[in-house]
Amino acid sequence: MFNAIMDQQRESWPDAIRAVACLMVIILHSSVWYVVSYGKIPLSDWMSGNIVDSFVRPCVPLFFMISGYIFLGEKKVKAKNILRILYCLLFYSALCIIYMLATDRYNPTERILNILSKPVFYHLWFFYTLVGCYILFSFLKVRDVGKYSAITILLVVFVLLNPFTSNLFKFIGVRYYGTFLIDGGFIYNFIYCVLGCFFGRMDTKRIGVLTPVVGYLIFSMLTAYFIYLQSDNFNKYVGNFYSGSSPFVMGASLCIFIFLKNYYSDRSVNPVIKLISGASLPIYGVHALVLDYFVMRGYRSLDKPVLDMFLMSISVFLLSLLIAFSIKAVDRNKLVS
1 MFNAIMDQQR ESWPDAIRAV ACLMVIILHS SVWYVVSYGK IPLSDWMSGN
51 IVDSFVRPCV PLFFMISGYI FLGEKKVKAK NILRILYCLL FYSALCIIYM
101 LATDRYNPTE RILNILSKPV FYHLWFFYTL VGCYILFSFL KVRDVGKYSA
151 ITILLVVFVL LNPFTSNLFK FIGVRYYGTF LIDGGFIYNF IYCVLGCFFG
201 RMDTKRIGVL TPVVGYLIFS MLTAYFIYLQ SDNFNKYVGN FYSGSSPFVM
251 GASLCIFIFL KNYYSDRSVN PVIKLISGAS LPIYGVHALV LDYFVMRGYR
301 SLDKPVLDMF LMSISVFLLS LLIAFSIKAV DRNKLVS
């Protein structure tokens, strides 16, 4: 997924999407302390974290969308692709276990015993879901559909059949209980793969770059607003609208996907973006450990949330990038990098 071979001259935008998603996920995890501390920190500090978190929520959907674009189209999933994801899961799980033993912060034995039901470290859930998606990729292909057909499917799945729609209607005093609601995180993650294939193959140039940017800003602010409304209503942190199945997160993800695709459709990405894209897999695999270590050492400025999130994100990214280069240097067959 992360390092699939693309025609660099014809399509450089997948690299941009991988790089942006990689940076977003680091920012997301660097800001999470603030959003889960609702009621325990000043509201202004919490809102800073909420806004940052809302704007980077497309990170995981973007990874699934680019994966779907590659493997639900002309490229066929082979056994080696599925095996590679399993190698990554085992390798980065092993790194997490080594980290736990070295820092004595968690119970590695318990994590190992439960590895079939949940990841040993929170961010590794992505590989579990990706294995299921790759298996489905082996049997399914997305046929070409028109722009309006794709938008209709999008609205039906993410609005009419989405459990979140009932939550939205509650705020305006309307009760909506659909009979055929689609629930479950895996299903929506796979739907993101399908959307990536739809809109990756669709001619989106007429949309331009300004419209998706405005859409991304609006959807992200709606996410932050409804997170605030729900948390204020229940007097505790409620993060439902951060979910990938939220229509607002879907809208923001689709907008930034189209923006990056259109922007880089007729230009090459710069070397920095290529570098981040090429190292996105190991960066993702180790960034949570780097962040956890920094938190353990107390390298935070919690009284200055914006500065703290910025410095923490930069620090985690740079050290993760350095570790990623080390992994790539050893992994000459690119099994886990």
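Letter by letter, the sequence shown follows residues 1 to 337 in full-length UniProt numbering. C-beta: ideal position from N, C-alpha, C; glycine also.
Compare the C-alpha of residue 306 against each of 110, 254, 51 and name the closest.
The closest CA to that of residue 306, considering only 110, 254, 51, is found on 51.
What is the rounded straight-line gap between the Cα of residue 300 and the Cα of residue 308?
The alpha-carbon atoms of residue 300 and residue 308 are separated by roughly 6 angstroms.
Taking contact to mean at least 3 C-beta pairs separated by less than 8 angstroms, is the region 226-235 in contact with the region 187-198?
Fewer than three Cβ pairs drawn from the region 226-235 and the region 187-198 lie within less than 8 angstroms of each other, which leaves the two stretches out of contact.
Using the Cα positions of residue 322 and residue 152, report the straight-line distance between them to the nearest angstrom.
Between residue 322 and residue 152, the C-alpha separation is close to 44 angstroms.
If I follow the unbroken alpha helix (DSSP H) through residue 94, where does it start and stop?
Unbroken alpha helix (DSSP H) run through residue 94: 79-103.
May I have the straight-line CA-CA distance separating residue 238 from residue 282, to the nearest angstrom?
Residue 238 and residue 282: Cα-Cα distance of roughly 31 angstroms.
Would you call the region 256-270 and the region 70-79 in contact, with 3 or more CB pairs under 8 angstroms?
The region 256-270, when compared against the region 70-79, does not touch it at the 8 angstroms Cβ threshold.
Supposed contact pair residue 256 and residue 216 - C-beta distance, whole angstroms, cut 8 angstroms
Contact flag correct, Cβ pair sits at about 5 angstroms.
Comparing C-alpha positions only, which one of 115, 279, 295 sits nearest to residue 34?
Among 115, 279, 295, the Cα nearest to that of residue 34 is on 295.
Residue 120 and residue 93 closer than 7 angstroms at C-beta
Yes, these two residues count as a Cβ contact at 7 angstroms.
Determine the burial state of residue 137: buried for a count of at least 16 other Cβ atoms within 10 Å of its Cβ, exposed for fewer.
Buried: at least 16 other Cβ atoms inside 10 Å.
Kindly list the residues whose CB is nearer than 7 angstroms to the CB of residue 40, restricted to its own chain and excluding five residues on each side of it in sequence; keep chain order.
Nothing listed; no residue qualifies.
Smallest Cα separation from residue 64: which of 115, 337, 131?
The shortest Cα separation from residue 64 among 115, 337, 131 belongs to 131.
For residue 247, which residues in the same chain have their Cβ closer than 7 angstroms to its Cβ, ignoring the five residues on either side in sequence?
For residue 247, where only same-chain residues beyond five positions count, the Cβ hits under 7 angstroms are 158, 159, 162, 164.
Beta-carbon spacing of residue 220, residue 337 below 7 angstroms
No, the Cβ-Cβ distance between residue 220 and residue 337 is not below 7 angstroms.
Cβ-Cβ separation, residue 325 to residue 288 (assumed contact under 8 angstroms), whole Å:
Contact doesn't hold; Cβ gap of about 18 angstroms is too wide.
Roughly how many angstroms lie between the CA atoms of residue 298 and residue 56, to the nearest whole one?
Going by the C-alpha atoms only, they are around 24 angstroms apart.
With distances taken from CA atoms, which of 12, 89, 45 is nearest residue 304?
Ranked by Cα distance from residue 304, the options 12, 89, 45 are led by 45.
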